[in-house]
Amino acid sequence: MAVFAIGDVQGCYDVLVRLLERIDFSPESDQIWLAGDLVNRGPNSADVLRFCMRYPASVKVVLGNHDLHLLANAAGVTEKKHRLDTLNSVLTAEDSEAMLNWLRHQPLFYHDADLQFSMVHAGLPPEWSIQDALDRAAEVETVLRGERWREFFKHMYGNKPKRWSEDLAGWDRMRYITNCFTRLRYCHEDGRLALRFKGAPADRPAKQKPWFAMPNRRSENDRIVFGHWSMLGTGQYGNVFSLDSGAVWGDELTAVRIDQQPYQWFTVEAGRQAQDIKQPVRFFQRWL
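Sequential numbering from 1 applies to the sequence shown in the UniProt record's numbering.
So this is what it looks like as C-alpha cells:
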C-alpha cells in the first residue's frame, strides 16, 4: 500500500484529480492523507468532500481553518465572511447536511502508529507531545461532534490565549487548541503563539520562530506532515514536511509518498485559472 500526503486542496477538485492520476492512486490499495483546508476559495469544494466521503478507508483528512470556517457559516456565524469565500457549492447543495455532518466528525490531528507519521493542518506548540496533541484534539472533536457544535463557533475566532496552560478552561481552552491545529505558523521565542504574521521565515518579525524550529519542542523527533503555509514552500524541515504549494492561487498541488524512503515528491500545476476549472477529467469519470 502506498501512502501519499497532499497539501491544501481548497476546492480545486480537478487539480486534485490530476495529482491523483500523476501518482497513480488506487482507492482499493493506496491511501491519501489530505492535510486540511479541503474547501473554500476554489470552485469545487462540494466535489472534494464527496470524493473524501466515498472512500473513507483510503482517504484520511484533518480539519483546517477553512473547513472550520465552512462549519461556522453553517452554524450561522457569518461575521467573518471573506469576499473570496466560495462555500455555496456546499451550503446550497442537496446533500449539504450530509457533507457538513461528515466534515464535523473529522479529526483535527491524525496519527498512524504503524507508519509512525502524524498529520496536522497547521502546527503544534512546543509543549505538546504527539500524545498530548491527540488528547487535546479529542477535546475539541468531542464538542464538534456533539450537540453544542454550533455554540463552539460563536467562540472560535480570536488570537487569545497565546500561551498553553493545563489550567486553561472553557472556550479559551478550545480556542487555543483550535488555533494551534488550524492557524499556527510562528511562535514567540518564549513559546507564546504568534498568529498575526503569515509570511515567509526570511521576513518574520524579530524573536519569532516557525513552530517546528522552536527549541526543546517535544515533538521534535516525530515525523509530521502539515499544510496551511504556502509562503513557507514545500519541503522537508527536519522531521516535518510542508505541503501547501498554493494550488488555489494557481501554483501547484503537492504530494509526498511517506510509506517508504527516500521520500518521493510529486506536483501538478494548478494553472492560472485554478478557481475557474470546470472541464471534467478522466478520474472523475472513473471514480465518481
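Backbone N, C-alpha and C define an ideal beta-carbon position, used for all residues, glycine too.
For residue i, the residue or residues it bridges with in DSSP
| i | result |
| --- | --- |
| W265 | V256 |
| A137 | DSSP lists no partner for A137. |
| P210 | Y186 |
| M53 | BP columns for M53 are empty, so no partner. |
| L193 | C187 |
| I32 | F4 and V59 |
| M119 | Y110 and V225 |
Own chain, CB closer than 6 Å to residue i, minus 5 neighbours either side, in chain order
| i | result |
| --- | --- |
| residue 289 | Because residue 289 is not part of the residues shown, which for the chain are 1 to 288, the question remains open. |
| R150 | A75 |
| V117 | A small fix is needed here, since residue 117 is Phe in this sequence, not Val. So the qualifying residues of the chain are R223 and I258. |
| E127 | W164 |
| A200 | M231 |
| A72 | F153 |
| W287 | Its pLDDT being 42, under 50, W287 is placed unreliably in this model, and the value from its coordinates should be taken loosely. For W287, where only same-chain residues beyond five positions count, there are no Cβ hits under 6 Å. |
| G42 | Q10, G11, C12, V248 and Q275 |
| R136 | I177 |
| T254 | G7, T234, L243, S245 and T267 |
| D172 | P161 |
| W265 | V256 |
| R145 | H105 |
Same chain, Cβ closer than 8 Å to residue i, five either side skipped, listed in chain order
| i | result |
| --- | --- |
| L70 | V39, N40, S45, L87, V90, L91, L100 and L103 |
| G64 | D8, A35, G36, D37, L38, H121, A122, T182, G227 and H228 |
| Y263 | Q236, F241, V256 and R257 |
| T178 | L68, L108, V140 and M156 |
| A93 | A46 and M99 |
| residue 371 | In the structure displayed, the chain extends from 1 to 288; residue 371 sits before or after that span and is not available. |
| E269 | D251 and E252 |
| G191 | P125, P126, E127, R163, W164 and M214 |
| L115 | V3, I258 and D259 |
Simplified DSSP assignment, three categories, for residue i
| i | result |
| --- | --- |
| D112 | strand |
| S45 | helix |
| K278 | Summary for K278: the model assigns pLDDT 41, below 50, so the residue's position carries little reliability; its value from the coordinates is reported in the next sentence. Three-state result, K278: coil. |
| I177 | helix |
| S129 | coil |
| G235 | strand |
| F241 | strand |
| D14 | helix |
| H170 | The question names His, yet the displayed sequence has Gly at residue 170. In this structure, G170 counts as helix in the three-state DSSP scheme. |
| E21 | helix |
| K154 | helix |
| W249 | helix |
| W164 | coil |
| V143 | helix |
| W200 | For clarity, residue 200 is Ala in the given sequence; the question names Trp instead. Coil at A200, not helix or strand. |
Residues near residue i by beta carbon distance below 7 Å, same chain, minus five either side
| i | result |
| --- | --- |
| V77 | F153 and K154 |
| R175 | H155, M156 and G158 |
| P205 | F197 |
| A194 | Y186, C187, H188 and Q208 |
| H111 | S118, I130 and L134 |
| S96 | V90 |
| R217 | P126 |
| S29 | M1 |
CB contact check: residue i to chain E, cutoff 7 Å
| i | result |
| --- | --- |
| H155 | The question asks about chain E, but that chain is absent: this structure has only one protein chain. |
Any 3 or more C-beta pairs closer than 8 Å across the stretch 58–68 and the stretch 178–191: Contact holds between the stretch 58–68 and the stretch 178–191, because three or more Cβ pairs, one in each stretch, are under 8 Å apart.
The stretch 43–59 contacting the stretch 15–34, beta-carbon criterion three pairs below 8 Å: Verdict: yes, contact present.
Stretch-stretch touch, CB-based, cutoff 8 Å, three pairs: the stretch 254–261 with the stretch 4–13: Cβ pair count under 8 Å is three or more, so yes.
Stretch pair the stretch 133–149 + the stretch 107–122: three plus CB contacts closer than 8 Å: Enough Cβ pairs lie closer than 8 Å, so yes.
Whole alpha helix (DSSP H) elements within the stretch 65–102, 4-residue minimum: Counting only runs of 4 or more, we get 65–74 and 88–91.
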